[in-house]
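Numbering (the numbering used here), first residue to last: 10 to 500.
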């Protein structure tokens, strides 16, 4: 809306000032800096018009030596993001871009995301190299112009703000190394083999973040791969199809990495830094307490088997789907657990949005199953599979993992019997789900007075500032009821 208003205003202002305009598709060559400043000081200008004029002036840059151009700044792609890593440019100098086109892949504190252009134009200068880390929000990273003939004017252009901004170390004759994996900044003290080979030719190599990660894990140099994607971009399939040749380079690199001992210092990704900071703050500042219960799983296991048999391969429900559904139902019964600590007040949510912990190569991320209490098991299952898959590929949108009212972390599939999870602030609770195992239980209905049952151990971590012990125990009681009588949560 603001951009449309600015462009509409610019046409009107240009007619007022008698300045000439020329169309380029649906674009408009804006007023000169002198005209904009003059218009902003006219007595006839309304406050709204002045605001729009100032916005126009801030949007474009002028110089006596340079053509009209736009300085594109490094974006904030996450509310908690302060710096980021530009993994790779998806454009080169001379490329024409439209609003919405991907300029680069950026690693935020949460995931690897696409940095999209908000303007139409032609790329005149890339101010940041592939793999540069610790880029400040708002730092100039790219120059756009409207006319192709203006590109050459920016060949040696360096804005004054760039000099003071942090950038990746760069030797005089050696280009900055390209990152071999999404979570690893390029300025590593011990570069991976893929990083060394990918920059040896001096040419830029286009590869998806997933392909880079897989290549790094397999110690495959990107320069040894032939990309099958658009513009020769290396994809996951290219890495998986690669057949390595016998060379001493990998062994030499491994030997060099262990010269100082049997260890390797791994650089921290932006995501890992944020995970470390938030979890440390949670354990230090949030008064945790823990409630553990054992849940008999025979009924829910039988029901799951029946549903999956009837599905005939169309879908497949997991035990975690039932855990999510039972948790959502229990949160509707005990709303105090569906709350958040907001420093000066407690916020109790009406919606039940379950964050599900997913482990990725870059770190832990918690995509959200929105309105889990209103969805059936089949829809919950589809959401979890889709979110988990895209989380591991780094393709989640910010709104899909930021927020949530309650978190579930399940390690049962790894053979873990029980554990205590750390609360994800400002949420008040997180449920840690262990594995299911057969146990001998008391059963007065049998002749021997005992029987065997499948039992799952769960532990609820609560923020004592929000949830009192009795309230947490009540939630755990409701959750256990729904899991042991699963038909009741479907009614």
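We put the beta carbon where it would ideally sit given N, CA and C, even for glycine.
Check: Return the first residue and the last residue of the alpha helix (DSSP H) that residue 286 is part of.; Outcome: 279–294
Check: So the beta strand (DSSP E) residue 7 belongs to, where does it begin and stop?; Outcome: With the chain covering 10 to 500 only, the question about residue 7 has no answer from this structure.
Check: Return the chain-ordered ranges of every alpha helix (DSSP H) run that is complete within the segment 373–429 and spans a minimum of 4 residues.; Outcome: 386–401
Check: Is it right to say residue 367 is buried, meaning 16 or more other beta carbons lie within 10 angstroms of its own, or is it exposed?; Outcome: buried
Check: Quick check: what's the CA-CA separation for residue 356 versus residue 476?; Outcome: 12 Å
Check: Touch check for the segment 153–172 and the segment 124–141: three-plus C-beta pairs under 8 Å?; Outcome: yes
Check: Could you name the residues of the same chain whose beta carbon sits closer than 6 Å to that of residue 419, not counting the 5 residues immediately before and after it, in chain order?; Outcome: 329 and 442
Check: Residue 443 lies in the beta strand (DSSP E); which residues open and close that run?; Outcome: 438–451
Check: Under a three-way DSSP split, which group does residue 309 fall into?; Outcome: helix
Check: Distance check for residue 227 and residue 140, CA to CA, integer angstroms please.; Outcome: 20 Å
Check: Mapping the DSSP letters down to three states, classify residue 333 as helix, strand or coil.; Outcome: helix
Check: Using 8 Å as the Cβ pair cut-off and three pairs as the minimum, do the segment 359–374 and the segment 274–283 touch?; Outcome: yes
Check: Quick check: what's the CA-CA separation for residue 238 versus residue 244?; Outcome: 6 Å
Check: I'd like to know whether the C-beta atoms of residue 461 and residue 451 end up nearer to each other than 8 Å.; Outcome: no
Check: Name the DSSP beta bridge partners of residue 137, please?; Outcome: Beta-bridge pairing links residue 137 to no other residue.
Check: Within a Cβ cutoff of 6 Å, which residues of the same chain sit near residue 56, ignoring the five residues on either side of it in sequence?; Outcome: Unreliable placement is indicated for residue 56, whose pLDDT of 43 sits below 50; the coordinate value is still reported in the next sentence. Cβ neighbours of residue 56 beyond the five flanking positions: none.
Check: Answer with buried or exposed for residue 314, where buried requires no fewer than 16 other C-beta atoms within 10 angstroms of its C-beta.; Outcome: exposed
Check: So what does DSSP say about residue 233, is it helix, strand or coil?; Outcome: helix
Check: By how many angstroms is the C-alpha of residue 350 removed from the C-alpha of residue 437?; Outcome: 7 Å
Check: How is residue 316 classed by DSSP in three states: helix, strand or coil?; Outcome: helix
Check: Would you mind giving the Cβ-Cβ distance between residue 445 and residue 465, rounded to the nearest angstrom? I have them listed as a contact below 8 Å.; Outcome: 4 Å
Check: Would you mind working out which of 344, 399, 432 and 411 sits nearest residue 379, comparing C-alpha positions?; Outcome: 411
Check: Sort 101, 126, 217 and 111 by Cα distance to residue 403 and report the nearest one.; Outcome: 217
Check: Hey, how far is the Cα of residue 501 from the Cα of residue 83?; Outcome: Since the first residue shown for the chain is 10 and the last is 500, residue 501 is missing from the structure and cannot be characterised.
Check: Looking at the strands, I want to know which residues DSSP matches up with residue 151.; Outcome: 81 and 135
Check: Excluding the 5 residues flanking residue 339 on each side, which residues of the same chain have their C-beta closer than 7 Å to its C-beta?; Outcome: 484, 487, 488 and 491
Check: Can you tell me the Cα-Cα spacing of residue 150 and residue 81, whole angstroms?; Outcome: 6 Å
Check: Could you tell me the boundaries of the alpha helix (DSSP H) in which residue 162 lies?; Outcome: Neither: residue 162 is in no alpha helix (DSSP H) and is coded neither H nor E.
Check: Please determine, among 317, 305 and 214, the residue with the shortest C-alpha to C-alpha distance to residue 99.; Outcome: 214
Check: Using the C-alpha atoms, what's the distance from residue 463 back to residue 304?; Outcome: 8 Å
Check: Near residue 301, which residues of its chain fall below 6 Å by C-beta distance, leaving aside the five closest residues on each side in sequence?; Outcome: 468
Check: Check for me: the alpha helix (DSSP H) holding residue 480 runs from which residue to which?; Outcome: 478–493
Check: On the criterion of 16 or more Cβ atoms from any shown chain inside 10 Å, does residue 8 qualify as buried, or is it exposed?; Outcome: With the chain covering 10 to 500 only, the question about residue 8 has no answer from this structure.
Check: Using DSSP bridges, identify the partner residues of residue 355.; Outcome: 350
Check: Which class does residue 105 belong to by DSSP, given the choice of helix, strand or coil?; Outcome: strand
Check: Would you kindly report the start and end of the unbroken alpha helix (DSSP H) that includes residue 462?; Outcome: Careful: residue 462 lies outside any alpha helix (DSSP H), inside the beta strand (DSSP E) at 459–472.
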